[in-house]
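S.K.: Mind looking over this structure? Questions follow.
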Amino acid sequence: MVVQLKVFPANKGDAILISNTNEEGTQNILVDGGTGREIYRILKEEFKRIKSENEFIDLLIVTHCDDDHIKGIIDIFQDTNVDKTIIKEVWFNSGELIAERLEEKIEGNRDIPLTLNNSKEKSVTQGITLETELEKLNCWSKTLVRGLLESKIGDMKLTVLSPNEKGLRKLNKKWERERDSNKQQSGIKTDYEIPMIDLFTNKFEEDKGVPNGSSIAFLLETEENKILMLGDSHPSVIEESLSDLGYSSQNKLKVDVVKVSHHGSKHNTCESLFNIIDCQNYIVSTDGKSHGHPNKECFSRIVCTRQNQQEYTNFYFNYNLKNIFLKKDHDDFKINSHYLSENGYIYELGEKTYGYL
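Mapping to full-length UniProt numbering: the sequence shown position 256 is 256, numbers consecutive.
Here's what the structure looks like:
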């Protein structure tokens, strides 16, 4: 059995394809669609490849409605030349679904409009939304995806860790989406010149973003592997869910790899969460061009809380961010940077084990 993650270049966002191959074939889970022309092109090719190999996207997960996670999905659904019938199931907490399931009022229209690119239907927008297109495919069960929901996709077991009901109610009360901006950010300040050992002493301040608080995060388990997919989630929510599942600093959750929350933001990774997680390998999805992400302060919390400093901590980047760690960081800690672009953006578990370079 081999589990493979393709961590696509998705600008500042996430677009990750998880594939599990066993005797029965391959099951695919697509988590988000990133943003930008490159990921749109890549996703079109992946849809075509999956169909040609008689496979399916067994589960599409839209973690939340921010553009850096959903824009690529919107682009795919606007492209009438892409066969979406290969999608079997969708997890998507739409604005209307949240209000309906929580039995709360909804103000205004929260649907996500689509403009289909079919030449016969130029600029057709009225009544066409992501939600209506999902309903046409009959793949959206409209289950409200929240903490401790469990699901099986082939040999893969998924346990949802975020959002919780509180986060969903906050989003329902203050509905907002972070929209993508075409403007290039210049002069972004980073913390890369500060040694990790000094950054670790900074006081942690948790992300207050309401959309991120609604982000779907989950633990994926097979017979041989465990993967923690944190989306843009708030660490306090993940910590609470793991505690409910019986994990603690005395009974750590051992996983093979963690997809770091919110593109390595210092506001989404805290010491107390990583005191209950035992992991050597961490995936970071961002191009490094927005908001100073990834923050080295985030990495300092991961590295400094790891008990077994005899092991290397491995960071896997889907862009070539080679200026993060100082010589002093390498002198103080056993850390390695790996660049997934050198391996077709693939991180593979099972037969191949990533160690240190």
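C-beta: ideal position from N, C-alpha, C; glycine also. These figures come from a predicted structure and were not determined experimentally.
Give me the Cβ distance between Leu253 and Ile283, rounded to the nearest whole Å; I'm assuming they're in contact under 8 Å.
M.R.: About 16 Å separates the two Cβ atoms, so there is no contact after all.
S.K.: Can you look up Tyr99 in the DSSP assignment and give me helix, strand or coil?
M.R.: Per the sequence shown, the amino acid found at residue 99 is Ala instead of Tyr. Ala99 falls in the helix class under three-state DSSP.
S.K.: Confirm the yes/no value for this check: CB of Ile302, any heavy atom of the ligand ZN, distance under 8 Å.
M.R.: The ligand ZN is absent from the structure shown, which contains no ligands of any kind.
S.K.: By DSSP, does Pro163 sit in helix, in strand, or in coil?
M.R.: Of the three classes helix, strand and coil, the one that applies to Pro163 here is coil, per DSSP.
S.K.: Please state the DSSP three-state secondary structure of Gly25.
M.R.: Gly25: strand per DSSP, three-state reduction.
S.K.: Counting only runs that start and end within the UniProt domain "Metallo-beta-lactamase" (24 to 115), where is the beta strand (DSSP E) found for 3 or more residues in a row?
M.R.: The UniProt domain "Metallo-beta-lactamase" (24 to 115) contains these whole beta strand (DSSP E) runs: 25 to 31, 57 to 62, 90 to 92.
S.K.: Look up Phe274 in the DSSP assignment and say whether it is helix, strand or coil.
M.R.: In this structure, Phe274 counts as helix in the three-state DSSP scheme.
S.K.: Can you have a look at Leu148 and say buried or exposed, based on whether 16 or more other CB atoms are within 10 angstroms of its CB?
M.R.: Classification of Leu148: exposed, given that the 10 Å Cβ count is below 16.
S.K.: Decide if Asp244 is buried, meaning its Cβ has at least 16 other Cβ atoms within 10 Å, or exposed.
M.R.: That one is exposed.
S.K.: Please report the residue range of the beta strand (DSSP E) in which Ile197 lies.
M.R.: Segment 196 to 199 is the alpha helix (DSSP H) holding Ile197; no beta strand (DSSP E) there.
S.K.: Take the Cβ of Gly231 as the centre, count every other Cβ of all protein chains shown within 10 Å, and call the residue buried at 16 or more, exposed below.
M.R.: Answer is buried; the Cβ neighbour count reaches 16.
S.K.: Is it true that the CB of Thr63 sits closer than 9 Å to the CB of Met156?
M.R.: No, the Cβ-Cβ distance between Met156 and Thr63 is not below 9 Å.
S.K.: How long is the line joining the alpha carbons of residue 367 and Gln27, rounded to whole angstroms?
M.R.: Nothing in the structure corresponds to residue 367, since the chain is present only between 1 and 357.
S.K.: Here's a check: name, in chain order, each residue in its chain whose Cβ is nearer than 7 Å to the Cβ of Ser119, leaving out the five neighbours to either side.
M.R.: With a pLDDT of only 40 at Ser119, under the threshold of 50, the placement of this residue in the model should not be trusted; the figure read from the coordinates follows. So no residue of the chain qualifies.
S.K.: Please report how far the alpha carbon of Gln280 lies from the alpha carbon of Asp83, in whole angstroms.
M.R.: So the alpha carbons of these two residues sit roughly 38 Å apart.
S.K.: Please classify Ile302 as buried or exposed, where buried requires at least 16 neighbouring CB atoms within 10 angstroms.
M.R.: Counting Cβ neighbours within 10 Å, Ile302 comes out buried, since at least 16 surround it.
S.K.: Suppose you measure from the CA of Ser272 to the CA of Asn318; what does that come to, to the nearest Å?
M.R.: If I take the Cα positions, the gap works out to 27 Å.
S.K.: Can you give the beta carbon distance from Asn225 to Lys266, rounded, assuming they're within the 8 Å contact cut?
M.R.: At roughly 28 Å, the Cβ-Cβ gap does not stay under 8 Å, so Asn225 and Lys266 are not in contact.
S.K.: Between Trp140 and Glu131, is the Cβ-Cβ spacing less than 9 Å?
M.R.: In contact: Trp140 and Glu131 (Cβ atoms closer than 9 Å).
S.K.: Per DSSP, Met156 is paired with what?
M.R.: The partner list for Met156 (beta bridge, DSSP) reads Ile153.
S.K.: Whole-angstrom Cβ separation of Gly13 and Tyr40, contact assumed at under 8 Å?
M.R.: So it is not a contact: roughly 12 Å between Cβ atoms.
S.K.: How do the region 194 to 203 and the region 314 to 334 stand: do at least 3 beta-carbon pairs fall below 8 Å, yes or no?
M.R.: Taking 8 Å as the limit for Cβ pairs, the verdict is that the region 314 to 334 does touch the region 194 to 203.
S.K.: Identify the residues that DSSP records as bridge partners of Lys6: which are they?
M.R.: In the DSSP output, where bridge partners are listed per residue, Lys6 has Leu17, Ile346.
S.K.: I'd like to check one pair, Leu161 with Leu144: are the Cβ atoms closer than 9 Å?
M.R.: Their beta carbons are not under 9 Å apart, which means Leu144 does not touch Leu161 by this criterion.
S.K.: Quick check: Ile61 and Ser285, are their CB atoms within less than 9 Å of each other?
M.R.: No, they are not a contact pair.
S.K.: Please look up how many angstroms separate the CB atoms of Ile50 and Phe8, rounded, as I've assumed it's under 8 Å.
M.R.: At roughly 14 Å, the Cβ-Cβ gap does not stay under 8 Å, so Ile50 and Phe8 are not in contact.
S.K.: From Asp256 to Val237, what does the alpha carbon distance come to, in whole angstroms?
M.R.: Going by the C-alpha atoms only, they are around 21 Å apart.
S.K.: Alpha carbon to alpha carbon, how far is Asp111 from Val260? Give it in angstroms, no decimals.
M.R.: In a straight line, the C-alpha of Val260 is about 29 Å away from that of Asp111.
S.K.: I need the DSSP call for Phe218, collapsed to helix, strand or coil.
M.R.: DSSP places Phe218 in strand when its eight states are reduced to three.
S.K.: Helix, strand or coil: which one does DSSP assign to Phe299?
M.R.: Phe299 falls in the helix class under three-state DSSP.
S.K.: Please return the same chain residues whose Cβ sits closer than 7 Å to the Cβ of Glu24, not counting the five positions on each side in sequence.
M.R.: For Glu24, where only same-chain residues beyond five positions count, the Cβ hits under 7 Å are Gly154.
S.K.: For Ser94 and Thr305, what's the separation of their Cα atoms in angstroms?
M.R.: One C-alpha to the other measures close to 36 Å.
S.K.: Report all residues from its chain with a CB closer than 7 Å to the CB of Ile86; omit the five preceding and five following residues, and keep chain order.
M.R.: For Ile86, where only same-chain residues beyond five positions count, the Cβ hits under 7 Å are Phe47, Ile50, Lys51, Phe56, Ile57.
S.K.: Please name the residue or residues paired with Thr129 in a DSSP beta bridge.
M.R.: Note: Thr129 sits in a beta bridge opposite Pro113.
S.K.: Taking only the alpha-carbon atoms, compute the straight-line gap between Ser214 and Met229 and give it to the nearest angstrom.
M.R.: Looking at the two C-alpha atoms, the distance is approximately 14 Å.
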